[in-house]
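Student:
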Amino acid sequence: MIETDIELLKGIANQLRIHSINATTAAGSGHPTSCCSAADVVATLFFGHMKYDAKNPHHYNNDRFILSKGHAAPLLYAAWAEAGVVPVADLTKLRTFGSDLEGHPTPRLPFVDVATGSLGQGLGVGCGMALAGRLDKLDYNTYVLLGDGEIAEGAVWEAASLAGIYKLNNLIAIIDDNRLGQSQATAFGHDTNVYAKRFESFGWRVEVIDGHDIEEIAEVLQGVGLDDKPLAIIAKTYKGGGVSFLQDKDNWHGKPLNKEEAAKAIAELQPSAKSGIGVSVQAPSSLPEPKNTAPSSYPAISYKLGDLIATREAYGAALVRIGEADPRVVAMDGDTKNSTYAEKFFKKFPDRFTECFIAEQNLVAVAIGFGTRGKVPFASTFATFFTRAADQIRVAGISTANLKLVGSHVGVSIGEDGPSQMALEDLALMRSVAGSVVLYPSDAVATEKLLEQMAAKRGIFFLRTSRPKTPVIYGNDEQFPVGGAKVVRQGDKVTVVGAGVTLFEALKAADQLKSEGIGITVIDAYSIKPLGKKEILEAAKKTNNTVITVEDHYPEGGLGDAVAGELSAEGIKVHKLAVNGLPRSGQPTELLSHFGIDAAAIVKKVKSL
Ligand SMILES: Cc1ncc(C[n+]2csc(CCOP(=O)(O)OP(=O)(O)O)c2C)c(N)n1
Ligand SMILES: [Mg+2]
C-alpha cells in the first residue's frame, strides 16, 4: 500500500466518524462510540481492500460484509454513503420512520444481507455465505465485524467451530476489541491473547493488530485466503477512538453527543477528514454466475394408497427428488440426519449438504447464510431443538430470509424417548415468526407436495414431520395449496380438525362413531399458518357451528389456537384437545390415550357435545 493511500484511508475513517456522530446527534440516540472504534477497520475494508461493485450491492461475486455488531449501523451507512450508495444527505435521517437507515441494519437496504443487532448471529450467517461461495466456485470473501462484548455469545463459538472444521479460508472475523461493553468493561478487556488462543483452538489463523493503525490493518488483510484456515483479526481499539474526550471512557455506550459535544468532536476530526466519494475500489473478479434459478417443474411422485411411510421419511425422498431438478436446493442438519432422513440428500448430493453438528443456532444461521446467496436451504433436526435457535429464527423474520426448516420427532407420539425429545411448543414458536408459513403434513403425498412449494416460494417455512409410520391417504395428483385444508370425512354432528398423527386418530373416531350412527366431518389442517380457514369454516357451519381440534402439541399456540383465533369472530365454538400436562416416557398409544388426543378421547368429546 502506498503512503498516500494510507493517508487517504485515515481521512476516510475520520469522515466515517464524523458521519456517525452527526447522524446519532440528529437522531438523538444511537451508538457513536461503537462506530468510532471500528472506523479505521471499516474504512480500510471498504476503500482499501474489499472487491465489490458498489453500483450493484447484490452482485453475485461481491465481497460480503456483515456488521454483526449491528448497533454500529451509522458506521455501516456512512461507509456505503462514501461508497456512493446512500446519499450523504440521508445519513441524518437515521432512525426516523420512513428512512431505511434503521437503528440496526435490515435488508431493506440493498447492501445488508441479514438483519443484525441481536448480537452473536453474524458469524454463523457468514459461515453459510462462505460455504455457498465455495460451492459456487466464486472467490468472494465474507468479512464479519464483531464486538468484544458480543463474542461472549455461545453462537459465535458454534460458528467459529464450524468455520475451523470446514477450513473456511474465505471467512474473516474481525473483533473490534475496544475493551468495553454496554454497562461495564468486557470480561477480558484488552487481553487480546485470550481471544487469540480461543480462535486458534477452533482452528483459525489469528492476527492481533492495532485496530487504529491503517497500515497494520491493510497489511493483515493482504494475507486473507493465503492458507487453508479462516482468519480472525483481533483489532485492539478504543471505544470512541479518534475523539479525545470519548476515547476509552466509561459510560459512553449507546449515547449520542449533544450538539456542543458533537461540534467539539467534529472540530477535532475535520482537519484530517477526507471523502471516499469517487475513490475507486477493486471490482469483483468475473467468474461464471451460478445458476440459481428455479426449475419450471419437479418430477412426479408415485406412492400407493395405504403404504405405510413416516412423513419424515417422505421428507428425505422429497428433498432428493426436488434437489435433482433444482440446483438451488442445499441441506444441512445437526447430527440427526439419519433420523430426519436428510441423510438421503447427503448421500445423493454430498457437496450440497453441510453437517453442522450439534449446534442448532448455527445450523439455522448457516441456512440463512446460504439463503442470502440464492440457495434454497433446508435445515433439519428434531423439531424441538429448533426452539434453541428461537432468536435466529425470529431475526430471520426481520431479514425476510429464504429459510426452510423441517422438524421431526414431534409430540408425545415419539413415545419412549421421553419429554426432552418431544416437540410440544414448536408450532407456537414458528407461528409467531414474522411472515412464516407453518405446514404439518399427515401423509407422504402431502409432504412431497408441500416440499415442492417450500422450494419454489421465497420465505420462512416450517414443516413438521412425524416419527411414526402413517398410511398414504392421498392420490399422487392431489394438490395441497398453502393456506388450504382437506375435508377427508363428512358428517353433520361436529367438525374435528387434526393434523399429523391426530388426523388418523380422528379418522378412527369417525369410523367408530359412524357405526353408532353419528356422523362427523374430519379435516386435515396440513397448513397451519396460513390456516385453511375457508374449508374449516364451511365445514363448521354444516356441523352446528361446532369444532373440535386435536393436536400433539401443548394447548398454547398450536393448531387449536390457530383455529380458534380464525373462527371465533365467525361465531364458531372451538373445543381444544391437546397435550395438557407434563409428558413422560411410554408407548405412543399409551401417551396419546393418557393425554386425551386419541380416537377414544375424540369419541368421548364428540358425544359430550
Ligand atoms: C443478544 C443481545 N444481547 C444484548 C444486547 C444489548 N447490547 C447492545 S450493544 C451491547 C454491548 C456490546 O458490546 P460490544 O460487543 O463490545 O460492542 P461495542 O459497542 O463495544 O463495539 C449490548 C449488551 C443485544 N443487542 N443483543
Ligand atoms: Mg466492546
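So the number in our numbering is just where the residue sits in the sequence shown, counting from 1, plus 733.
Positions of the beta carbon are idealized from the N, C-alpha and C atoms, including for glycine.
Give every residue of the same chain whose Cβ lies closer than 7 Å to the Cβ of Gln1223, excluding the five residues on either side of it in the sequence, and list them in chain order.
Tutor: Reading the sequence shown from its first residue, position 490 is the one you call residue 1223. Taken in chain order, the residues that qualify are Thr1254.
Student: Is the beta carbon of Asp869 within less than 8 Å of some heavy atom of ligand 1?
Tutor: The residue labelled residue 869 in the question sits at position 136 within the sequence shown. Not so, every heavy atom of ligand 1 lies at least 8 Å from the Cβ.
Student: Taking only three categories from DSSP, how would you classify Gly861?
Tutor: As a position in the sequence shown, residue 861 is number 128, starting the count at 1. For Gly861, the secondary structure class from DSSP, reduced to helix, strand or coil, is helix.
Student: What is the residue span of the beta strand (DSSP E) that Asp910 lies within?
Tutor: By 1-based counting over the sequence shown, the position of residue 910 is 177. Unbroken beta strand (DSSP E) run through Asp910: Leu904 to Asp910.
Student: Taking C-alpha atoms, which residue in Leu1160, Gly1102, Gln1212 and Val1307 lies nearest to Val1229?
Tutor: On the sequence shown, residue 1229 is found 496 positions in, with the first residue counted as 1. Minimum Cα-Cα distance from Val1229 among the listed residues Leu1160, Gly1102, Gln1212 and Val1307 corresponds to Val1307.
Student: Distance, Cα to Cα, Lys1340 vs Gly1250?
Tutor: Here residue 1340 refers to the residue found at position 607 when the sequence shown is read from its first residue. Here residue 1250 refers to the residue found at position 517 when the sequence shown is read from its first residue. Each residue's Cα considered, the two are about 12 Å apart.
Student: Cβ of Leu913 versus every heavy atom of ligand 2: is any distance shorter than 8 Å?
Tutor: The residue you call residue 913 lines up with position 180 of the sequence shown. Answer for Leu913: yes, Cβ within range of ligand 2.
Student: Return the first residue and the last residue of the beta strand (DSSP E) that Leu1196 is part of.
Tutor: Working through the sequence shown from its first residue, we reach residue 1196 at position 463. Element bounds for Leu1196: Ile1193 to Arg1197.
Student: Taking 8 Å as the line, does the beta carbon of Thr839 fall inside it for any heavy atom of ligand 1?
Tutor: Residue 839 sits at position 106 when you count from the first residue of the sequence shown. Answer for Thr839: no, Cβ out of range of ligand 1.
Student: Take the Cβ of Asp1344 as the centre, count every other Cβ of all protein chains shown within 10 Å, and call the residue buried at 16 or more, exposed below.
Tutor: Residue numbering for the chain in the displayed model covers 734 to 1342; residue 1344 lies beyond these limits and cannot be assessed.
Student: Could you please give me the residues that DSSP links to Gln1003 through a beta bridge?
Tutor: Start at 1 with the first residue of the sequence shown, and residue 1003 comes out as number 270. Bridge partners of Gln1003: none, in fact.
Student: Hey, Gly1039 and Leu1160: beta-carbon distance below 9 Å or not?
Tutor: On the sequence shown, position 306 is the one that residue 1039 refers to. On the sequence shown, position 427 is the one that residue 1160 refers to. In this structure, Leu1160 does not lie closer than 9 Å to Gly1039 by Cβ.
Student: Could you tell me the alpha carbon to alpha carbon distance between Ala1302 and Lys1275, rounded to whole angstroms?
Tutor: Mapped onto the sequence shown, residue 1302 falls at position 569. Mapped onto the sequence shown, residue 1275 falls at position 542. Between Ala1302 and Lys1275, the C-alpha separation is close to 17 Å.
Student: Could you give the residue range of the alpha helix (DSSP H) that holds Gly1049?
Tutor: One-based indexing of the sequence shown puts residue 1049 at position 316. Per DSSP, Gly1049 belongs to the alpha helix (DSSP H) from Thr1044 to Ala1058.
Student: Using CA coordinates, which residue listed in Thr757, Asp1257 and Thr777 is at the minimum distance from Gly1217?
Tutor: Numbered from its first residue, the sequence shown carries residue 1217 at position 484. Gly1217 has its Cα closest to that of Asp1257, out of Thr757, Asp1257 and Thr777.
Student: Do you know offhand how far Thr1105's Cα is from Ile1091's?
Tutor: Along the sequence shown, one-based indexing puts residue 1105 at 372. Along the sequence shown, one-based indexing puts residue 1091 at 358. Going by the C-alpha atoms only, they are around 23 Å apart.
Student: Hey, how far is the Cα of Ala893 from the Cα of Ile739?
Tutor: Taking the sequence shown and counting its residues from 1, one reaches residue 893 at position 160. Taking the sequence shown and counting its residues from 1, one reaches residue 739 at position 6. Their backbone Cα atoms lie some 31 Å apart in a straight line.
Student: Write down the C-beta distance between Glu1238 and Ile1330 rounded to the nearest angstrom, noting that I regard them as a contact closer than 8 Å.
Tutor: As a position in the sequence shown, residue 1238 is number 505, starting the count at 1. As a position in the sequence shown, residue 1330 is number 597, starting the count at 1. At roughly 7 Å, the Cβ-Cβ gap stays under 8 Å, so Glu1238 and Ile1330 are in contact.
Student: Would you please state the rounded distance, in angstroms, between the beta carbons of Ser1113 and Pro1201? I believe it to be under 8 Å.
Tutor: Position 380 of the sequence shown, counted from the start, is the residue given in the question as residue 1113. Position 468 of the sequence shown, counted from the start, is the residue given in the question as residue 1201. About 18 Å; that fails the 8 Å criterion.
Student: Along the chain, where does the alpha helix (DSSP H) containing Met1065 start, and where does it finish?
Tutor: Locating residue 1065 in the sequence shown gives position 332, counting from the first residue. First-last for Met1065: Val1062 to Asp1066, but that is the beta strand (DSSP E), not the alpha helix (DSSP H).
Student: Residues in its own chain within less than 8 Å of Ile1055 by CB, not counting five upstream and five downstream?
Tutor: Taking the first residue of the sequence shown as 1, we reach residue 1055 at position 322. Cβ within range, chain order: Tyr1031, Val1062, Leu1184, Glu1185 and Ala1188.
Student: Within a Cβ cutoff of 6 Å, which residues of the same chain sit near Ala1297, ignoring the five residues on either side of it in sequence?
Tutor: Numbered from its first residue, the sequence shown carries residue 1297 at position 564. Only Val1307 meet the Cβ criterion.
Student: Just the C-alpha distance for Leu856 and Pro1263, rounded to the nearest angstrom, thanks.
Tutor: Within the sequence shown, residue 856 is the residue found at index 123, counting from 1. Within the sequence shown, residue 1263 is the residue found at index 530, counting from 1. Going by the C-alpha atoms only, they are around 32 Å apart.
Student: Tell me whether Ile1330 sits in a helix, a strand or coil according to DSSP, three-state version.
Tutor: Sequence index remark: in the sequence shown, residue 1330 carries index 597 (1-based). Coil.
Student: Give me the Cα-Cα distance between Gln1245 and Arg841, rounded to the nearest whole angstrom.
Tutor: Position 512 of the sequence shown, counted from the start, is the residue given in the question as residue 1245. Position 108 of the sequence shown, counted from the start, is the residue given in the question as residue 841. If I take the Cα positions, the gap works out to 55 Å.
Student: Is it the case that the Cβ atoms of Gly973 and Thr766 are separated by a distance below 9 Å?
Tutor: Translated into the one-based positions of the sequence shown, residue 973 becomes position 240. Translated into the one-based positions of the sequence shown, residue 766 becomes position 33. Yes. Within cutoff.
Student: Can we count Thr766 as close to ligand 1, meaning its CB is less than 8 Å from some heavy atom?
Tutor: What you label residue 766 is simply residue 33 of the sequence shown in a count that begins at 1. Yes; taking the cut-off as 8 Å, the Cβ of Thr766 has a heavy atom of ligand 1 nearer than that.
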